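**Q** Each residue of the sequence shown is one higher than the one before, starting from 633 at the first, in the working numbering. Note that CB positions come from ideal geometry on N, CA and C, so glycine has one too. This structure is a prediction, so every number in the text was calculated from the model and none was measured.
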Amino acid sequence: MAKNLLIVESPAKAKTINKYLGADFEVMASYGHVRDLRPKEGAVEPDNDFAMHYEVIDQNEKHVAAISRAMKKADALYLATDPDREGEAISWHLVELLNEKKILSDKPVYRVVFHEITKRAVGDAMGQLRTLSTDLINAQQARRALDYLVGFNLSPLLWRKIQRGLSAGRVQSPALRMIVEREEEIEAFQSREYWTIEADLLTKSQPFIARLTHYQEQKLGQFSITTQVDAEKAEKTLLDAAVQNLTEEAKDHGAVGVLIVTDVTKKQRRRNPAPPFTTSTVQQEAARKLGFTAARTMRIAQQLYEGIDTQDGPVGLITYMRTDSVTLAQEALVEIRDYIGQRYGQDKLPPEARIFKTKTKNAQEAHEAIRPTSAMRTPDSLRGHISNDQYRLYELIWKRAIACQMKHATINTVAIDLSCGVQNTFRATGSTIADSGFMAVYREGVDDKPSGTGEESGEDERTLPPLATGDRVDLRGIRPEQHFTEPPPRYTEATLVKSLEEYGIGRPSTYASIISTLQQREYVELEKKRFRPTDVGRIVNRFLTDYFNTYVDYDFTAKMEDQLDAVARGEKEWVSLMQSFWGAFKDQVEQIETQVTRKDVGKSRELGPDPSSGRMVHAGVGRYGAYVRLDPEDPEGKPRFASLRAGQSINTITMEEALTLFKLPRELGETSDGEAVSANIGRFGPYVRYGSKFASLGKEDDPYNITLERALILVDEAKKREAAKHIKTFTESGIRILNGRWGPYVTDGSKNARIPKDREPTEITEIEAKELLASAKAPKSSAKVTKKKAASKKVASKKKTSKKVASRKTPVELARKKGEEDKP
């Protein structure tokens, strides 16, 4: 029998670690968080020092029970949950639950922390046991309480003032603001025309291109030439100047003029490798190079960290993937440098190991950067043992870690100035890689470059012919090129993550859940892999910036993160932090609740009068989404409403498009039974109506042009489905026997009862149907009924923490996916 019980978060990790520990240990998984706040009002009590009330998560009750049974037989408890605030909280809650059951008694409890799952790392961690960290627990508690109070107060307000199903969050909402403000920048952008002039040149060895930099002794800026007239005038002037040097020999070769080399500047520059990955940078790079979402990157990284079955047995392939650090352990540096020397040669190694400094504050324990647990475990050696997605991400992490310790790249650059007459200068630039250094292994991806720079990105080689001052170069032609400045690009996942980190909004471990929440709430849409705010997202943002601007302000959010980090470092008391936030926030919520109406929030956009009736047309967002509205003919009449179609926005819809929407419902004709058939768009999408029943349209169908023939096919299919669903009806009682998703059942319209498998549904009598309904369970209420659990108020006395936990510091972990902090 195992004498010791060790708890980790996932079964995959448990399987890997179990191989490293002897028979004295039983390794079990908590399956993530075990408790969460009660999902109802009052789970956090601001008037009682922010006391929290929580309960075991339904799906984890069986895992808690299994851990409890195992602990009764064990002599000691080892808590090896993840090395961060969330992991610390999970361990704390397990201890509390076991203490409530009086299972721990005098048994010792140890906290085990490792940042990679290898035999060596696990062995080292078991030799460095500690107690639970009160500071990390308090920081997690404060974060959870803040997120709950913001979500449970703002979200119902959004429901009442805009529409049901909306949510706001402490970090989610500033992220939405960032996307909306970028969209507003794009809409307000005024494009400007500008022209560049290039010369096509040719030497005996190769053609190349030069750009005009000085014209009539004036250095050109981006907007020095802004019209086609000016560009063509400059083209003629330059050709006239170049032809002055034209020789018969050059003319025979097809030249229209000659330029003279006036200066050749050669330089050599170094490019150093990027640091190893942090959570943020691996999400950005995986988005750029692999097309992965942040959520997909973190999911795959978790798999690589927890352990993969290789030819050498199960092993964690990378270090812990939630980190802000760019430092590497000494043993990792030694191994990486050994590998570089063996594989690429000593000339690819710098004299000493590169040491990168972490710029982001990290309130967690001293993490490493994300790196392979062994540099010698190359990506190719793992083929056949890991999936394609795992291979691609591991290769990215492995290459970045190897490259960060390699020699700098040396790049030769050359700039050649050529005169065209005495007042005009063209410049050609080129570069060659003299020594690839780290670039032989890895090149960092790039985001969008600003428009109109006239510069090329990356380190691609652009060679120029060997030229010296005084050399003559044949001119083959001069090309004016028209350009227009472009608005700032919409955010991609990579650029959004980068901006969130730069502004200090949230923590890298939460970025994936922030982005997922914005998409799930339909506040943003992905269009060509870039985020575009929806009409609902924009009105939610407008409401929050109009009435809660302080709390969606970037600086406020970043400062709150800093204060939470200070709690984790033991520099700030969490209850005082909560008190400083809650008072003003509560007052603001109460003021908006009473003083702001739905009409104030949902201000519509006037499109103008309908040309045929003169009635005003508006576009806005209501309870059921974006709409257009046609005012009634008289004040007592009712306005007409129509939902916007996919891809339409209240901010850009035109009068013509709006009037088209009012064409619904379209009367199409009748069924063979004389039922009227029409097409329309409703709350749940486009549909065909026949009589009093409905049939949804397919993805390829459009209610604005669907034919009666196609509609009748949909009606026929709907009738067949209805007929197949219906088995029997008892006219007097109204009880029906239907075919459902999980088989035949009895229903009276408010209560359902399954029919036993050994009974034939068609043979059920009305009396038997009533008996089945009477014995069936009552339907669940829409409000979740949960069992109350006693909320223990202090850390178990049998186990010391880094400092005493006061009774008011009862922490609560998140029940949802780690880091998903913004959902109410």
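1) When the distance is taken between beta carbons, is arginine 1108 closer than 8 Å to leucine 833?
2) Please name the residue in Glu1000, Lys1031 and His999 whose C-alpha comes closest to that of aspartate 1012.
3) Can you give me the C-alpha to C-alpha distance between glycine 1279 and glutamate 1118, rounded to a whole angstrom?
4) Assuming phenylalanine 988 contacts alanine 1035 under a Cβ cut-off of 8 Å, what Cβ separation, rounded to an integer in Å, is found between them?
5) Does the Cβ of lysine 1431 have 16 or more other Cβ atoms within 10 Å, making it buried, or fewer, making it exposed?
6) Round the Cβ separation of leucine 1196 and alanine 771 to the nearest angstrom and send it over; I've been treating them as touching at under 8 Å.
7) Taking the Cβ atom as the reference point for each residue, do valine 893 and valine 1046 lie within a distance shorter than 8 Å?
8) Between the C-alpha atoms of glycine 1215 and threonine 1226, what's the straight-line distance to the nearest angstrom?
9) For the region 1144–1164 and the region 792–812, state whether three or more C-beta atom pairs, one from each stretch, are separated by less than 8 Å.
10) Can at least three beta-carbon pairs, one atom from the region 737–745 and one from the region 757–764, be found at a separation below 8 Å?
11) Where DSSP assigns a beta bridge to histidine 885, which residues make up the other side?
12) Are phenylalanine 1163 and leucine 1132 touching if we call contact CB-CB under 8 Å?
13) Between which two residues does the beta strand (DSSP E) containing threonine 766 stretch?
14) In the DSSP output, which residue or residues are listed as bridge partners for lysine 851?
15) By how many angstroms is the C-alpha of glutamate 658 removed from the C-alpha of aspartate 1178?
16) So valine 1470 packs on alanine 1274, CB below 8 Å; how close in whole Å?
17) Measure the alpha-carbon distance for valine 1249 versus alanine 1258 and round it to whole angstroms.
18) Using the DSSP secondary-structure output, state which residues sit across from lysine 1325 in a beta bridge.
19) Rounded to whole angstroms, what is the Cα-Cα separation between proline 1335 and tyrosine 1319?
20) According to the neighbour-count rule (16 or more other Cβ atoms, all chains shown, within 10 Å of its Cβ), is serine 837 buried or exposed?
21) Taking lysine 705 as the reference, give the member of Ala1311, Asn731, Leu736 and Pro982 with the closest Cα.
22) What is the DSSP secondary structure of phenylalanine 1213, counted as helix, strand or coil?
23) Name the DSSP bridge partner or partners of glycine 898?
24) Assess contact between the region 634–642 and the region 654–671, defined as three or more Cβ pairs (one per stretch) separated by less than 8 Å. Is contact present?
25) Would you call the region 932–939 in contact with the region 947–957, where contact means no fewer than 3 C-beta pairs closer than 8 Å?
26) Can you tell me whether DSSP reads tryptophan 1030 as helix, strand or coil?
27) Ignore the nearest five residues each way along the sequence and tell me which others in glycine 719's own chain have a CB closer than 8 Å to its CB.
28) Assuming isoleucine 1369 and alanine 1401 form a contact by the criterion Cβ under 8 Å, report the distance between their Cβ atoms to the nearest whole angstrom.
29) Per DSSP, what kind of secondary structure is methionine 660 in: helix, strand or coil?
30) Is it buried or exposed for phenylalanine 1316, if we count other Cβ within 10 angstroms and need 16 for buried?
31) Following the continuous alpha helix (DSSP H) through proline 1243, name the residue where it begins and the one where it ends.
32) Assign arginine 1353 to one of two classes, buried (16 or more other C-beta atoms within 10 Å of its C-beta) or exposed (fewer than that).
33) Nearest by alpha-carbon distance to glutamate 1307: which of Gln1220, Gly1323 and Ile1313 is it?
34) Quick check on DSSP: helix, strand or coil for alanine 1428?
35) Bridge partners of arginine 1075, per DSSP?
36) Output the residue ranges of the beta strand (DSSP E) runs that lie fully inside the region 1286–1354 and measure 3 residues or longer, sorted by chain position.
**A** The short version:
1) yes
2) Lys1031
3) 22 Å
4) In fact, because the Cβ distance is near 12 Å, the residues do not count as touching under 8 Å.
5) Confidence is the limiting factor: at lysine 1431 the pLDDT is only 37, short of 50, which leaves the residue's position unreliable and the question unanswerable from this model.
6) 6 Å
7) no
8) 17 Å
9) yes
10) yes
11) DSSP output for histidine 885 lists no bridge partner at all.
12) no
13) From DSSP, threonine 766 is part of no beta strand (DSSP E) but of the alpha helix (DSSP H) over 766–793.
14) His846
15) 55 Å
16) An answer regarding residue 1470 cannot be provided, because it is not within the stretch 633 to 1456 covered by the chain.
17) 14 Å
18) Tyr1322
19) 7 Å
20) exposed
21) Leu736
22) helix
23) Note that residue 898 is lysine in the sequence shown, not glycine. In DSSP, lysine 898 forms a bridge with Val1046.
24) yes
25) yes
26) helix
27) Glu641 and Thr713
28) 7 Å
29) strand
30) exposed
31) No alpha helix (DSSP H) holds proline 1243; DSSP gives it neither H nor E.
32) exposed
33) Gly1323
34) Because the pLDDT of alanine 1428 is 35, which lies under 50, any placement of that residue in the model is unreliable, and the question is left without a value.
35) Answer is none; arginine 1075 lacks a bridge partner.
36) 1298–1302, 1308–1314, 1317–1322 and 1325–1328
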